[in-house]
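Sequence lines, in order, name chains A and B. Once you know that position 122 of the first sequence is 121 in numbering that gives the first Met the number 0, the rest is easy, because the numbers rise by one and skip nothing. Once you know that position 110 of the second sequence is 109 in numbering that gives the first Met the number 0, the rest is easy, because the numbers rise by one and skip nothing. Below is one structure, written out as structure tokens, with a few remarks after it.
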Amino acid sequence: MSEPPREPKGAAPSGLTSDEGARREDGASRAPGGERDKQSEREDRAPILEVRDLTVHHGQLRALDRISLRVFPGEVYAIIGANGAGKSTLLRTIAGLHHPTEGSIRYDGQDVTKVRPERRATSGIGMVPEGRRLFGSLTVEENLQVGATYARKGPWTIERVYELFAWMKDRRAQRTEQLSGGEQQAVAIGRALVANPRVLLLDELSLGLAPVVVQRIYGMLPQILASGLTVLLVEQDVSQALRVASHLQCLLEGRTTLEGKPSDVTAEQVEAAYFGLRPAAAEQASEEALWSGSTTSSRGSWSAACTRCSPAGSR
Amino acid sequence: MVGGLYALFACGLSLMFGVMKVVNLAHGDLAVIGGYVAVGVITVTHIPVLWSFVIVVPLMAVLGYVLQRTVIQAALDRSILTTLLVTFGLSVVIENGLLQFFSANSHSLGVNDAIITSSFSIGSQISIAYLLLLIFVVAVVVLLGLQYFLSRSRYGRLIRAVADDQEAAQLSGIDYRHVFGIAAAIAFGTVALAGIAYGMYSQFAPTTGTDTILLFAFAAVVIGGLGSLWGTLLGGVILGVSQAIGAQISGSDEFLAGYIVFLAVLVLRPQGLIARRSTS
């Protein structure tokens, strides 16, 4: 409440005040895949989620240091970064599980920084937490039912989740702790979907899963997006993130080191941002390429804001 | 047959531990409050003793919800250990409050119905009072109902989900504090029922809660296995039977026998007879 809303470029201010249902239609219809390519058009709309100068402490440790981001309807916004970069903390803070020491989170034009996590969930911020976090003693179907208990109105139902994951219906009476990791991940996604969120936060979907399973799960993303969702995902697996993302942000030790469209950043830039190397050092490092540079070419210019490529970042 | 009574005491304790990890040290005193409330309700409304639960149980359930949402939740927000202190404090407050207002005289809920007060015998040694049989049946019905509620109903599902993972439940839009409140309401309702049953079976004074009821409830829960409703019933029955056998040997061995069984279970099968699957 304390801060004035940032002026959304060119977006109709009325969009902020109209009711949620109308906004939903709005967001979905204005975000077909083709439009995502142009930065200017991206900025045309009001962000559905806006994080400003977010600082979070875990005890003495400053896990996030003035992180800002704006997610627009229909996007796949990927946050990458190494272990301990603060990615999960960022998502958990957006979901309301951590309290920021500074900064604000605005969702759909409303300041939700002080809103309890369950209220955020019912207003449309869904999350698939790291490590799945299913209700282990409940069956697959019960997990989905719990997810649907306080659902918003929308396209997703338990039936529709069964259609998305064909195997699930036959095993719906099984306890989820007996499922494999990939299956559990699918149930976790289903549990988040049936609540019909407008923004879906995906925390490390690939964690602890075989590459084939990871690909299969990410393969579901287009179908999920087709229902009009916006996705904010966190991923250590850079190549996977680049494959699906329409916007990219790299964190290192709680700070943003790179931001831009995947097509505008080079492999070297991503590497430098990911590991905190200087650009010169990054070229050298690309020889031993920890990441598979198959996705991007170096066609873009430095339109991405590389705010922190100094040696201080490379500890 | 006293086992039914013990099980009735223990299931609320077990539920509160299973869902919110609260070891409710005031549990026995709450049963006694249930008994006193019943005494009050009966003197005011002249309702038959057997039917007093219709008023007492909902009253206690509301008290449970309120206490959980205020005092116990505040303790939980700090740490699990704080809940031990807080419920212990509650226990002391309740006990002394009752002493203050009702004196140390013991009360009972007399039932003057001949069918209830008489007993029947099996063989020459064992005689069973109809009252205890009734309590046992009530206990089984309550446990069945609880089981059905937890496994089938919407709120039961939420309670289990919250017990599994609070944070994930929040991400699904569930206010776990409300769910805790409901679980506490159920626990308080069952303990009120147990308090009334105890008042009909025996007599209670302000100190009965911690002196006997709480200990027996704990013993029943531990023997049966934490978090298992049917284990609780089994634990109650075993405790009751061993006490009866002990009493046969010598009047003073009654409680001793119960605790020997309790210790034996702790040594031989610390997870309880019907162990709940381990959750990590």
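Note that CB positions come from ideal geometry on N, CA and C, so glycine has one too.
Non-local beta-carbon contacts of residue 85 (chain B) in its own chain, meaning distances under 7 Å to residues more than five positions away in sequence, involve 70, 71 and 74 in chain order.
Checking the DSSP bridge columns, you'll see residue 174 (chain B) has no partner listed. By the beta-carbon neighbour count (other beta carbons within 10 angstroms, threshold 16), residue 147 (chain B) is exposed. Ranked by Cα distance from residue 118 (chain B), the first of B:132, B:187 and B:195 is B:132.
Straight through space, the alpha carbons of residue 88 (chain B) and residue 229 (chain B) are spaced by roughly 30 Å. The criterion of a C-beta distance shorter than 8 Å is not satisfied by residue 191 (chain B) and residue 17 (chain B).
Residue contact check for residue 79 (chain B) against chain A: no CB pair falls below 8 Å. At least 8 Å separates the beta-carbon of residue 125 (chain A) from that of residue 225 (chain A). Listed along chain A, no residue sits closer than 7 Å to residue 252 (chain B) by beta-carbon distance, the nearest being about 41 Å off. Under the three-state reduction of DSSP, residue 111 (chain A) is assigned to coil, being neither helix nor strand. Each residue's CA atom was taken as its position, placing residue 260 (chain B) and residue 82 (chain B) some 29 Å apart.
Contact note: residue 96 (chain A) reaches chain B through 166, 169 and 170, using a C-beta cutoff of 9 Å and chain order.
In the structure shown, the three-state DSSP call for residue 273 (chain B) is coil. Taken atom to atom, the span from the alpha-carbon of residue 72 (chain A) to that of residue 44 (chain A) is near 8 Å.
Residue range 26-44 is occupied by the alpha helix (DSSP H) that includes residue 35 (chain B). The C-beta of residue 82 (chain A) has fewer than 16 other C-beta atoms within 10 Å across all chains shown, which makes the residue exposed. Only residues of its own chain outside the window of five on either side were considered, and among them 118 and 120 have a CB closer than 6 Å to the CB of residue 126 (chain B), listed in chain order. Shown here, residue 153 (chain A) sits in coil according to DSSP, grouped into three states, outside any helix or strand.
The Cβ atoms of residue 148 (chain A) and residue 153 (chain B) lie closer than 8 Å to each other.
Residues of chain B with a Cβ closer than 8 Å to the Cβ of residue 149 (chain A) are, in chain order, 171, 172 and 173. Looking at the DSSP output, residue 248 (chain A) shares a beta bridge with A:78 and A:258.
In the three-state scheme derived from DSSP, where H, G and I count as helix and E and B as strand, residue 109 (chain B) is classed as coil. Counting the other CB atoms within 10 Å of its CB gives residue 251 (chain B) a total below 16, which places it among the exposed residues. Here residue 100 (chain A) carries a coil assignment [DSSP, helix/strand/coil].
Taking the C-beta atoms as reference points, residue 5 (chain B) is found nearer than 8 Å to residue 235 (chain B). Chain-ordered, the chain A residues with CB closer than 7 Å to the CB of residue 160 (chain B) read 134, 137 and 145. Non-local beta-carbon contacts of residue 14 (chain B) in its own chain, meaning distances under 7 Å to residues more than five positions away in sequence, involve 182, 185 and 186 in chain order. A distance of 8 Å or more separates the beta carbons of residue 267 (chain B) and residue 222 (chain B).
If you look at residue 135 (chain B), you'll find it in the alpha helix (DSSP H) that goes 129-151. Under the criterion of beta carbons closer than 8 Å, residue 193 (chain A) and residue 160 (chain A) qualify as touching, at roughly 6 Å.
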